[in-house]
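Engineer: Mapping of the sequence shown onto the UniProt record's numbering: position 318 corresponds to residue 318, and the numbering continues sequentially without gaps. Quick reminder that beta carbons are idealized off the backbone N, C-alpha and C, glycines included.
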Amino acid sequence: MFNALKQLDRNIWIRFVGETITGIMMFMIAPFLVLYYADRLDSYFLVGVIMATGPIMSLVGAVLGGHFADKFGRKPLMVLSIIGDVIALIGFSFADSFGPLLALNALLGLSSSLFHPAASAMVADVTPPERLNESFGLLRMGHNVGAAFGPLLGSAVLFVDRSLIFYSAAFVFFLYGLVLYFFIEETKPEYIEKTDEVKVSPLTVLRKDHVFLIFIGAGVFISMGFALVESMLPVFLKEALPGLPTKQNPFPYLMALNGIMVVLFQFPIAARLSGKAFGKVMLLGASIFGIGMIFLAFVPSYLFSLGTSYVVLVTVLLAIYAFYTLGEMIMSPVQMTFIALIAPEHLRGTYNGAASLQWLIGGVTAPLLGSLFLDSGKGDFALGFVGLLCCVSGGVYLALDRSIQRAKRLTKSA
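(1) Could you compute how far the alpha carbon of G394 sits from the alpha carbon of G279?
(2) Pick out whichever of E239, R74, V34, V312 has its Cα sitting closest to the Cα of I184.
(3) Identify the continuous alpha helix (DSSP H) that holds P76 and give its terminal residues.
(4) Leaving out five residues before and five after E230 in sequence, what residues of the same chain have Cβ atoms less than 8 Å from its Cβ?
(5) Indicate the three-state DSSP secondary structure (helix, strand or coil) for G275 in the structure shown.
(6) Does the contact criterion of 3 or more C-beta pairs under 8 Å hold for the region 255 to 274 versus the region 395 to 403?
(7) Is the beta carbon of V220 closer than 8 Å to that of I320?
(8) Looking only at C-alpha atoms, which of A106, V79, L80 sits nearest to F92?
(9) Please classify Y36 as buried or exposed, where buried requires at least 16 neighbouring CB atoms within 10 angstroms.
(10) Taking L206 as the reference, give the member of D42, L357, A322, I294 with the closest Cα.
(11) Go through its chain and collect everything with a Cβ distance to L180's Cβ below 6 Å, but skip five positions before and after it.
(12) Please determine, among G327, I83, F149, the residue with the shortest C-alpha to C-alpha distance to T20.
(13) Can you tell me the Cα-Cα spacing of Y302 and F381, whole angstroms?
(14) Have a look at S309 and I260 and give me their C-alpha separation to the nearest angstrom.
(15) Report the CB separation of Y28 from I165 in whole angstroms; it is logged as a contact under 8 Å.
(16) Just how far apart, CA to CA, sit R40 and E186?
(17) How many Å lie between I342 and F68 at the Cα?
(18) Closer than 8 Å by C-beta to I294: which residues in its own chain qualify, once you throw out the five before and the five after it? Chain order, please.
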């Protein structure tokens, strides 16, 4: 494994180092961004509206980024993305009303999403097919190192000055942009082969492939769970633990645990589940994921009402979040594998583009739903309800898998 990593292209190693450091910076901000919005606005609904702009602009950026990366090259898009991130991060330290915060969050979602299609294309440009798993695995590991240590660093910086978080992140991103500009080599092929394949839109795929449509429908509830926990959990905990200072909000520790677990256990779990029935694996993962959300919804406020000490409270929350993360790690690789298996070879990109719709729908609806419940003082019910829907999705995945297997048996016997 280590010999294979040594053979990876220099571009990939530059990205690994850069994105590990910038990942730490972004996850340093993430736990406090929703609280930052809430401190400046009088309505949780407005906070939800701001949070919902990110997924919308991310979808736009992903579509545009893929097209422009093929047209203008990988390197220009990556550098442009970093510039947009720097502008947004600096702007957050000055914004104190709904309009500017909305615009900056939209810019951050757009600029961040421009980076990934170009960066992924660059990996494919410089990596032989048999080394792609190692390349993407290395980069994903760097991302999760950021998830592990960024929240802890952010909670420490918060004691000094909240604006310092934005300035330090902007400075690191600026340095990474310089490294990309001067040291990354352009990898776009001089000639991109034109084919006579009929262009098929993601909506056409969803309309014609009913199996895939059901898969996306079930995935919407899963994406809602991810979006609700990642974007709104700090506020849920703030409401569930009234009187607890913002600096003691346990969310950074939960995010750090999530990152550490993914770094240590994602690959072994994925290997262990290789070859297992899709439906049974997804039922298990979605059920653990959903039950974890339900525990997150109601256990913190119950323990707080009993006067539980802060250390015990955080310990219990860490145990619950570890359970929730286990469900996440079971589901994530299996979902991607399922898409790869059902997509025709010449439409894999289109299928993956269509699959992003579930994350758009979930990413937009979850913050709005959560904010509405929070405004009525019932944030725990939003978490619990979506957690229940995630468990239902597990049943849908199982039924879908059994339907596919039954169709295959009928085809073979016909």
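Structural biologist: So, to answer that:
(1) Reading the sequence shown from its first residue, position 394 is the one you call residue 394. Reading the sequence shown from its first residue, position 279 is the one you call residue 279. Straight-line Cα distance between these residues: approximately 8 Å.
(2) By 1-based counting over the sequence shown, the position of residue 184 is 184. The shortest C-alpha to C-alpha distance from I184 to any of E239, R74, V34, V312 is the one to R74.
(3) On the sequence shown, residue 76 is found 76 positions in, with the first residue counted as 1. For P76, the uninterrupted alpha helix (DSSP H) segment begins and ends at 74 to 92.
(4) To locate residue 230, count along the sequence shown from 1; it is residue 230. For E230, same chain residues with a beta-carbon under 8 Å away, outside a window of 5 residues either side, are A30 in chain order.
(5) Here the question's residue 275 lines up with position 275 in the sequence shown. Residue state, collapsed to three classes: coil.
(6) No, the region 255 to 274 is not in contact with the region 395 to 403.
(7) Residue mapping note: residue 320 aligns to position 320 of the sequence shown, counting from 1. Residue mapping note: residue 220 aligns to position 220 of the sequence shown, counting from 1. No, the Cβ-Cβ distance between I320 and V220 is not below 8 Å.
(8) The count along the sequence shown starts at 1 and reaches residue 92 at position 92. Taking only the C-alpha atoms, the option nearest F92 is A106.
(9) In the sequence shown, residue 36 corresponds to position 36, counting from 1. Buried is the call here.
(10) On the sequence shown, position 206 is the one that residue 206 refers to. Among D42, L357, A322, I294, the Cα nearest to that of L206 is on L357.
(11) If you number the sequence shown from 1, residue 180 lands on position 180. If we look at L180 and ignore the five residues flanking it on each side, its Cβ neighbours are M78, V79.
(12) As a first step, residue 20 is located in the sequence shown; it is residue number 20 there, counting from the start. Taking the Cα of T20 as reference, the smallest distance to any Cα among G327, I83, F149 is reached at F149.
(13) For the purposes of this step, residue 302 is identified with residue 302 of the sequence shown, where counting begins at 1. For the purposes of this step, residue 381 is identified with residue 381 of the sequence shown, where counting begins at 1. Y302 and F381: Cα-Cα distance of roughly 14 Å.
(14) As a first step, residue 309 is located in the sequence shown; it is residue number 309 there, counting from the start. As a first step, residue 260 is located in the sequence shown; it is residue number 260 there, counting from the start. So the two alpha carbons sit approximately 25 Å from each other.
(15) Within the sequence shown, the letter at position 28 stands for residue 28. Within the sequence shown, the letter at position 165 stands for residue 165. Inspection of the sequence shows that residue 28 is occupied by Met rather than by Tyr. Between M28 and I165, the beta carbon gap of about 6 Å places them in contact (Cβ cut-off 8 Å).
(16) Locating residue 40 in the sequence shown gives position 40, where the first residue counts as 1. Locating residue 186 in the sequence shown gives position 186, where the first residue counts as 1. Looking at the two C-alpha atoms, the distance is approximately 42 Å.
(17) Residue numbering aside, residue 342 sits at position 342 when the sequence shown is read from its first letter. Residue numbering aside, residue 68 sits at position 68 when the sequence shown is read from its first letter. Rounded to the nearest angstrom, the two C-alpha atoms are 27 Å apart.
(18) In the sequence shown, counting from the first residue as 1, residue 294 sits at position 294. For I294, where only same-chain residues beyond five positions count, the Cβ hits under 8 Å are L383, G384, G387, L388.
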